[in-house]
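Quick notes on the structure that follows.
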Amino acid sequence: MAAAVLLSTTSMAWAQTAWPNKPVKIVVPFAPGGTTDILARAIAPDLSKAFGQSFVIENKGGAGGNLGADQVAKSAGDGYTLLMGTVGTHGINRALYSKLPYDPIKDFAPITLVAGVPNVMVVNADKAAANKINSVNDFIKYALANPGKLNMASSGNGTSIHLAGELFKSQTGTFMAHIPYRGSGPALLDLAGGSMDVMFDNLPSAMALIKAGKIKALAVTSGQRSAAMPDLPTVEEAAGLKGFEASSWFGLLAPAGTPADVVSRIQQEVAKSLASPAMKERLTTLGAIPSGNTPAQFAALIDAEHKKWAEVVKASGAKVD
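Last residue of the sequence shown: number 320 in numbering that gives the first Met the number 0, and the count goes up by one each step with no gaps.
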């Protein structure tokens, strides 16, 4: 009898503490409207449905994603605070920032890669028409003839959007003043409005303004053309910039110490969401390539990206103190 009571009490205690028993927060380290935000909001409803608790998005932009990433790094590893990390927060920033407030390897438990996306070189449509800029080479010619007069927007220091632009500048000998924002959303609005001249944005967040004719796409920065815009050349083929490649990726991470079973359960549900026909169509239409890989595979990607982007940062000469 006593054993039965003990077993019942233990079961009740486990039921009360079993994850999740309250809402889960996904921190997006950029302002609303960018690809990081789009992807987080795409998978959150499926996770809420699967686990019976709300998965709430919290936008915390600033310092190239470092503010949001640092918040999650210093959160309890209990499964209730997650990060939609990026190639910037977990691939680039360690090489770019001399004093990064978190360790992208030691402070996190990788869950899964959500999607990879190409970046796209976009310019203000009205300015492009006025200055007859219809190709990457047209832009290079115009930029060389107008040194110091062009502004290059990005979603923040250290993002792939920033580094793609720095790589472009170093390989073409052009100069555009870098203007970092707290995310792609506000940067795109200023590009469409005319106060910015060029941006190397993630394709999913730029797609709506491209289709609306507010901004003009010149090329993708990936190694291959995008299935979402197959007629758009790569920067490499459009301008003969051999080896030019600067793509982005986005994935879920938890603070270090998060229980392995919680990490595994989240990964399985994200993978299930990304594999659904509706989600596949939604993301591929935006130019994203869904993933849903394992925690070990995602960890290996992060490690490889550190090495790759350290070389890119060194070659570009970019540095943020």
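Cβ coordinates follow ideal geometry from the N, Cα and C atoms, glycine included.
Residue from the options with nearest C-alpha to residue i
{"i": "Glu304", "options": "Asp260, Gln266, Gly256, Trp248", "result": "Trp248"}
{"i": "Leu217", "options": "Asn20, Ile132, Asp102, Ala68", "result": "Ile132"}
{"i": "Leu188", "options": "Lys213, Gly67, Asn136", "result": "Lys213"}
{"i": "Ile288", "options": "Lys306, Val113, Val219, Asn145", "result": "Val113"}
{"i": "Val23", "options": "Thr34, Thr35, Leu46, Leu38", "result": "Leu46"}
{"i": "Pro203", "options": "Pro19, Gly84, Leu38", "result": "Leu38"}
{"i": "Gly63", "options": "Val121, Leu81, Thr35", "result": "Thr35"}
{"i": "Met151", "options": "Phe174, Gly239, Ile301", "result": "Phe174"}
{"i": "Gln266", "options": "Phe243, Gly242, Pro294, Gly193", "result": "Pro294"}
{"i": "Ala270", "options": "Phe297, Thr284, Ala245", "result": "Phe297"}
{"i": "Pro254", "options": "Ile110, Pro185, Val319", "result": "Ile110"}
{"i": "Gln52", "options": "Asn145, Asn20, Glu268, Ala227", "result": "Asn20"}
{"i": "Thr257", "options": "Lys48, Pro44, Gly239, Ala72", "result": "Ala72"}
{"i": "Gly32", "options": "Ala186, Val311, Lys215, Val219", "result": "Ala186"}
Which of helix, strand or coil DSSP assigns to residue i
{"i": "Pro294", "result": "helix"}
{"i": "Phe29", "result": "coil"}
{"i": "Glu244", "result": "coil"}
{"i": "Leu251", "result": "strand"}
{"i": "Ile104", "result": "coil"}
{"i": "Ala227", "result": "coil"}
{"i": "Leu285", "result": "coil"}
{"i": "Val67", "result": "In the sequence as presented, Val is not what sits at residue 67; that position holds Gly. It is helical."}
{"i": "Asp276", "result": "A small correction: the amino acid at residue 276 is Pro; Asp does not occupy that position in the sequence shown. It is helical."}
{"i": "Pro109", "result": "strand"}
{"i": "Gly84", "result": "strand"}
{"i": "Asn20", "result": "coil"}
{"i": "Asp302", "result": "helix"}
{"i": "Ala317", "result": "coil"}
{"i": "Ala114", "result": "strand"}
{"i": "Thr35", "result": "helix"}
Integer-rounded CB distance, given that residue j should sit under 8 Å from residue i
{"i": "Met195", "j": "Ile178", "result": "7 Å"}
beta-carbon residue i near the ligand ZN non-hydrogen atom, thresh 7 Å
{"i": "Ala62", "result": "Within the structure as shown, the ligand ZN is missing, as the structure has no ligands at all."}
Quick check on the DSSP output: what are the complete alpha helix (DSSP H) runs of length 4 or more inside the stretch 124-172, in order along the chain?
With a minimum length of 4 residues, the continuous alpha helix (DSSP H) runs that stay inside the stretch 124-172 are 124-129, 135-144, 159-171.
Below 8 Å, how does it come out for the stretch 196-205 and the stretch 154-165: are there three or more Cβ pairs, yes or no?
With the cut-off at 8 Å, the stretch 196-205 and the stretch 154-165 touch.
List in chain order: all unbroken alpha helix (DSSP H) runs of 4+ residues lying wholly within the stretch 168-220.
If we require 4 residues or more, the alpha helix (DSSP H) runs fully inside the stretch 168-220 come out as 183-192, 202-210.
The stretch 65-77 touching the stretch 255-268, judged by at least three CB pairs closer than 8 Å
Contact holds: three or more Cβ-Cβ distances are below 8 Å.
Do three or more CB pairs link the stretch 123-137 to the stretch 93-104 at distances below 8 Å?
Not touching, per the Cβ criterion.
Is it a yes or a no for the stretch 167-183 touching the stretch 88-96, going by three-plus beta-carbon pairs under 8 Å?
No, the stretch 167-183 does not touch the stretch 88-96.
Validate contact between the stretch 110-127 and the stretch 53-60 using beta carbons, cut 8 Å, 3 pairs
With fewer than three CB-CB distances shorter than 8 Å, the stretch 110-127 does not count as touching the stretch 53-60.
Kindly confirm or deny that the stretch 272-283 and the stretch 84-93 touch, where touching means at least three C-beta pairs closer than 8 Å.
No, they do not touch.
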